[in-house]
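Here is the structure we will look at.
2 protein chains.
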Amino acid sequence: MNITIKDVAKAANVSVATVSRVLNKKTNVSDEAVQAVNRAVEELGYSPNFLGRDLRKSETKRILAIIASTEHSFYSEVLRGMQDAAYTQGYDVLIATTRDDPEHEMHLLNMLFSKAVDGAVLLAPKLDSKTISELAKKYHLAMCLERLEGCEILCVTIDNEQAGYDATKLLIGKGRKRIGLITTKVRSQSSIDRENGYKRALRDAGLPLDEELIYYGDYSYDSGFKGCEELMRLKTRPDAVFSISDTISIGAMTYAIRNGINVGKDVLFFGFDNISYSHMFIPRLSTVEQPCYLQGKTVIERLISNMKAEDPDRSTIMLPHSLILRESTGDSTY
Amino acid sequence: MNITIKDVAKAANVSVATVSRVLNKKTNVSDEAVQAVNRAVEELGYSPNFLGRDLRKSETKRILAIIASTEHSFYSEVLRGMQDAAYTQGYDVLIATTRDDPEHEMHLLNMLFSKAVDGAVLLAPKLDSKTISELAKKYHLAMCLERLEGCEILCVTIDNEQAGYDATKLLIGKGRKRIGLITTKVRSQSSIDRENGYKRALRDAGLPLDEELIYYGDYSYDSGFKGCEELMRLKTRPDAVFSISDTISIGAMTYAIRNGINVGKDVLFFGFDNISYSHMFIPRLSTVEQPCYLQGKTVIERLISNMKAEDPDRSTIMLPHSLILRESTGDSTY
DNA sequence: TTGCCTATTGAAAACGTTTTACTTTTGTTG
DNA sequence: CAACAAAAGTAAAACGTTTTCAATAGGCAA
Numbered sequence: 591m592n593i594t595i596k597d598v599a600k601a602a603n604v605s606v607a608t609v610s611r612v613l614n615k616k617t618n619v620s621d622e623a624v625q626a627v628n629r630a631v632e633e634l635g636y637s638p639n640f641l642g643r644d645l646r647k648s649e650t651k652r653i654l655a656i657i658a659s660t661e662h663s664f665y666s667e668v669l670r671g672m673q674d675a676a677y678t679q680g681y682d683v684l685i686a687t688t689r690d691d692p693e694h695e696m697h698l699l700n701m702l703f704s705k706a707v708d709g710a711v712l713l714a715p716k717l718d719s720k721t722i723s724e725l726a727k728k729y730h731l732a733m734c735l736e737r738l739e740g741c742e743i744l745c746v747t748i749d750n751e752q753a754g755y756d757a758t759k760l761l762i763g764k765g766r767k768r769i770g771l772i773t774t775k776v777r778s779q780s781s782i783d784r785e786n787g788y789k790r791a792l793r794d795a796g797l798p799l800d801e802e803l804i805y806y807g808d809y810s811y812d813s814g815f816k817g818c819e820e821l822m823r824l825k826t827r828p829d830a831v832f833s834i835s836d837t838i839s840i841g842a843m844t845y846a847i848r849n850g851i852n853v854g855k856d857v858l859f860f861g862f863d864n865i866s867y868s869h870m871f872i873p874r875l876s877t878v879e880q881p882c883y884l885q886g887k888t889v890i891e892r893l894i895s896n897m898k899a900e901d902p903d904r905s906t907i908m909l910p911h912s913l914i915l916r917e918s919t920g921d922s923t924y
Numbered sequence: 591m592n593i594t595i596k597d598v599a600k601a602a603n604v605s606v607a608t609v610s611r612v613l614n615k616k617t618n619v620s621d622e623a624v625q626a627v628n629r630a631v632e633e634l635g636y637s638p639n640f641l642g643r644d645l646r647k648s649e650t651k652r653i654l655a656i657i658a659s660t661e662h663s664f665y666s667e668v669l670r671g672m673q674d675a676a677y678t679q680g681y682d683v684l685i686a687t688t689r690d691d692p693e694h695e696m697h698l699l700n701m702l703f704s705k706a707v708d709g710a711v712l713l714a715p716k717l718d719s720k721t722i723s724e725l726a727k728k729y730h731l732a733m734c735l736e737r738l739e740g741c742e743i744l745c746v747t748i749d750n751e752q753a754g755y756d757a758t759k760l761l762i763g764k765g766r767k768r769i770g771l772i773t774t775k776v777r778s779q780s781s782i783d784r785e786n787g788y789k790r791a792l793r794d795a796g797l798p799l800d801e802e803l804i805y806y807g808d809y810s811y812d813s814g815f816k817g818c819e820e821l822m823r824l825k826t827r828p829d830a831v832f833s834i835s836d837t838i839s840i841g842a843m844t845y846a847i848r849n850g851i852n853v854g855k856d857v858l859f860f861g862f863d864n865i866s867y868s869h870m871f872i873p874r875l876s877t878v879e880q881p882c883y884l885q886g887k888t889v890i891e892r893l894i895s896n897m898k899a900e901d902p903d904r905s906t907i908m909l910p911h912s913l914i915l916r917e918s919t920g921d922s923t924y
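Quick mapping for you: the protein sequence lines, in order, are chains A and B. Per our numbering, residue 591 is the first one in the first sequence, and the count goes up by one each step. Per our numbering, residue 591 is the first one in the second sequence, and the count goes up by one each step.
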């Protein structure tokens with residue numbers, strides 16, 4: 591039924607080894623042999639079985655990117671960076687989704703343990719730091735976007751604490767004294783870091799830290815909407831709202847607009863991630879931009895280099911972020 | 591270096607065959623053997639090499655979903671449906687992106703030819719109908735969301751022509767006489783179908799087909815913005831605009847709003863896909879909803895059933911769509 | 001005791017490659 | 001023309017599993 595290298599060898603009147611050499615562009619094979627083999631491959635419509643090849647070579651030239659879901663277009667650029675970096679070195683990137691389930695995450699990592707891929711990158715780990723640390727010792731595993739406290743693993747991310755600080759400080763610089771924060775109940779390290787940055791900025795500016803001003807929800811638009819509603823119902827309203835993601839921030843702004851609040855004037859809004867919709871929304875959202883493409887590219891480059899090295903790099907690399915000022919903070923820049 | 595089944599066998603004092611039987615939960619193996627093997631597996635931290643296993647069984651229990659990119663969150667639900675269906679049958683779904691490059695699409699399909707996956711689903715084919723038809727004869731290949739004229743392959747989609755018709759007819763029903771269409775220059779079958787539906791609705795209503803009212807751009811927000819600008823500059827403006835995607839429609843509405851047009855009153859807007867942002871935008875966008883989850887679920891169920899069948903199903907299945915009316919057509923429904 | 005059946009086990013083949021180790025052919029040089 | 005090196009080829013081992021086939025052991029009836 592299936593055409594194997596043996597069939598090609600027979601058709602080309604050479605040995606199996608010769609076929610293999612031709613296919614792998616090795617030297618030590620005559621022009622006639624090359625031609626005969628190529629003709630046979632063509633005629634038979636042969637394509638080599640990767641399982642056999644990969645087993646023998648014990649490498650697959652494939653890397654698995656593990657994300658939570660493809661819902662957040664935010665990942666798209668990161669993955670593009672990963673693919674570009676991988677592709678130039680002859681690797682393919684496959685994507686799989688955990689759907690926020692740590693068990694499923696472990697199931698996917700099985701592909702790594704069982705050599706179905708050469709390496710893996712976690713973009714939204716649900717497993718705990720210790721477990722991942724342990725795995726990173728044995729396998730070619732890395733993290734991107736999200737770091738984990740005390741986790742010894744190659745990790746490429748941004749300084750989320752500093753980014754939270756910068757965003758908050760910018761709002762303070764615009765004369766705001768009561769700044770709300772909408773974050774998540776589920777504590778990913780990035781949201782913890784961003785929250786810490788927010789708090790440090792308040793401290794540095796001598797502003798009081800009012801726990802009332804912090805709303806804990808989830809990553810959704812609806813949560814942003816709800817969070818803003820709660821904040822606006824306080825005796826003394828906030829005059830600015832920093833959200834740890836753009837989607838949340840858009841939800842928050844929506845509440846404000848629907849309730850007659852002048853966004854960018856009465857209340858300033860600041861998001862995080864610079865997703866494409868943040869500049870499509872009216873008014874355009876000011877936000878923190880991460881170097882998505884670069885993070886993806888970097889993590890793959892390092893991971894592949896780790897795969898060749900005897901002594902793998904398990905450090906955390908923080909790439910620079912930047913602030914993008916738009917209408918929601920009263921700036922008119924595009 | 592690596593722990594293989596042999597090491598486990600040695601440690602458990604049984605043969606390799608017995609270990610394999612225990613691992614695969616076969617009968618005909620004594621309790622003692624089971625325990626000894628499990629203990630050894632535990633102690634050595636053994637996990638079976640899938641390459642060996644898959645080669646021997648010549649099946650991987652993996653299916654590849656090939657999309658253009660993860661940028662459009664629209665795919666997310668489809669993939670979720672695919673994964674649910676696959677997972678209940680013991681399959682995993684891997685995702686790979688073509689980045690709109692037919693050559694790269696072929697490269698990814700290589701994983702299918704070379705048995706690295708058992709089947710594949712194309713969600714945004716760039717290859718031509720004939721090529722895909724040919725491949726579908728030899729491999730377990732299916733399509734989802736997008737059909738291809740004259741392509742003999744298992745395909746799960748919606749009736750895009752009818753959907754385009756329905757949306758346009760709705761606008762006509764609201765008394766609109768000059769309806770603009772913003773579509774794409776690159777002719778995917780779905781956009782052709784939607785455009786045809788638009789035209790049929792005009793014909794059926796006895797409205798003239800004015801080529802001026804059709805703008806050909808790409809799938810982006812910017813293209814929608816630009817398209818709307820062109821349409822609004824016509825001597826006689828359209829009183830409604832149908833776009834073949836929500837992102838385009840949001841771009842179009844943005845132009846309108848920024849230029850003082852009363853959206854939902856002066857001009858109605860209709861999108862396509864019901865992406866999450868379509869109800870976050872202000873005003874909320876009326877749109878065509880596709881059964882994303884169901885399409886994904888269905889295509890995988892059929893594909894897996896094809897993998898077991900002698901005579902595979904190569905028909906096109908069209909699932910029902912529906913209209914969602916929101917503020918952009920003057921409806922107040924959520 | 002003998003014979004037979006069943007439950008468990010193990011040795012070895014098989015899956016499709018690549019690669020090693022060895023043989024044959026070709027070509028060059030003195 | 002002998003000697004030898006280089007080039008081109010082959011057979012077989014190896015990768016890590018599963019599965020086939022045969023063998024062993026144990027139980028039980030006669």
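The C-beta atom is built at its ideal place from N, Cα and C for all residues, glycine as well. Predicted model, so just to flag it, every value in this text is computed and none were measured.
Chain-ordered chain B contacts of residue i [CB-CB under 8 angstroms]
{"i": "Asn639 (chain A)", "result": "Leu645, Ser704 and Lys705"}
{"i": "Gln673 (chain A)", "result": "Thr687 and Arg689"}
{"i": "Gly642 (chain A)", "result": "Leu645"}
{"i": "Leu771 (chain A)", "result": "Residues of chain B passing the Cβ test: none, with the nearest at roughly 21 angstroms."}
Amino acids of chain A, ordered along the chain, whose beta-carbon sits closer than 8 angstroms to that of residue i
{"i": "Leu893 (chain B)", "result": "The premise fails here: Leu893 (chain B) is roughly 18 angstroms from chain A at the closest Cβ pair, so nothing lies under 8 angstroms."}
Cutoff 7 angstroms: residue i Cβ touching any chain A Cβ
{"i": "Glu661 (chain B)", "result": "yes"}
{"i": "Tyr845 (chain B)", "result": "no"}
{"i": "Leu684 (chain B)", "result": "yes"}
Cβ of residue i within 7 angstroms of any chain B Cβ
{"i": "Ser666 (chain A)", "result": "yes"}
{"i": "Leu669 (chain A)", "result": "yes"}
Minimum C-alpha distance to residue i - residue among the options
{"i": "Gly787 (chain B)", "options": "B:Val853, B:Arg827, B:Ile834 and B:Asp812", "result": "B:Ile834"}
{"i": "Ser905 (chain B)", "options": "B:Ala623, B:Gly886, B:Ser704 and B:Cys741", "result": "B:Cys741"}
{"i": "Met822 (chain A)", "options": "A:Thr844, A:Tyr809 and A:Thr837", "result": "A:Thr844"}
{"i": "Lys855 (chain B)", "options": "B:Thr919, B:Val878, B:Glu900 and B:Leu799", "result": "B:Thr919"}
{"i": "Asp749 (chain B)", "options": "B:Asp921, B:Cys734 and B:Ile762", "result": "B:Cys734"}
{"i": "Val631 (chain A)", "options": "A:Thr877, A:Ile593, A:Asp621 and A:Ala795", "result": "A:Ile593"}
{"i": "Glu891 (chain A)", "options": "A:His694, A:Gln679 and A:Ala623", "result": "A:Gln679"}
{"i": "Gly796 (chain A)", "options": "A:Arg766, A:Ala899 and A:Ile782", "result": "A:Arg766"}
{"i": "Leu634 (chain B)", "options": "B:Ser663, B:Val619, B:Ser610 and B:Ala602", "result": "B:Ala602"}
{"i": "Glu649 (chain A)", "options": "A:Pro910, A:Lys898 and A:Asp903", "result": "A:Lys898"}
Under 7 angstroms from the C-beta of residue i: neighbouring residues of chain B
{"i": "Ile840 (chain A)", "result": "Met870"}
Contact set between residue i and chain A, taken where Cβ atoms lie within less than 9 angstroms
{"i": "Leu792 (chain B)", "result": "Residues of chain A passing the Cβ test: none, with the nearest at roughly 29 angstroms."}
Any non-hydrogen atom of the ligand PLP within 6 angstroms of residue i CB
{"i": "Glu693 (chain B)", "result": "Judged by which ligands are present, the structure shown has none, so any question about the ligand PLP falls away."}
Original post:
If you measure beta-carbon to beta-carbon, which residues of the stretch 694-720 of chain A are closer than 9 angstroms to chain B?
Top reply: His694, His697, Leu698, Asn700, Met701, Phe703, Ser704, Lys705 and Ala706
Subject >> Proximal residues, the stretch 800-826 of chain B versus chain A, C-beta separation under 7 angstroms >> reply: Tyr811
Original post:
Using 8 angstroms as the threshold, is the stretch 911-920 of chain B in touch with the stretch 850-869 of chain B, meaning 3 or more CB pairs across them?
Top reply: yes
Original post:
Can at least three beta-carbon pairs, one atom from the stretch 811-820 of chain B and one from the stretch 747-759 of chain B, be found at a separation below 8 angstroms?
Top reply: no
Original post:
Hey, is the stretch 665-677 of chain B in contact with the stretch 881-894 of chain B, meaning 3+ C-beta pairs nearer than 8 angstroms?
Top reply: yes
**OP:** Using a Cβ-Cβ cut-off of less than 9 angstroms, give me the residues of the stretch 859-887 of chain A that come near chain B, in sequence order.
**Re:** Ser866, Tyr867, His869, Met870, Phe871 and Ile872
Subject >> Stretch-stretch touch, CB-based, cutoff 8 angstroms, three pairs: the stretch 706-717 of chain A with the stretch 642-661 of chain A >> reply: yes
Original post:
If you pair each beta-carbon of the stretch 635-642 of chain A with each one of the stretch 695-712 of chain B, do three or more pairs fall below 8 angstroms?
Top reply: yes
**OP:** Please confirm if the stretch 761-779 of chain A is in contact with the stretch 824-840 of chain A, defined as three or more CB-CB distances below 8 angstroms between the two stretches.
**Re:** yes
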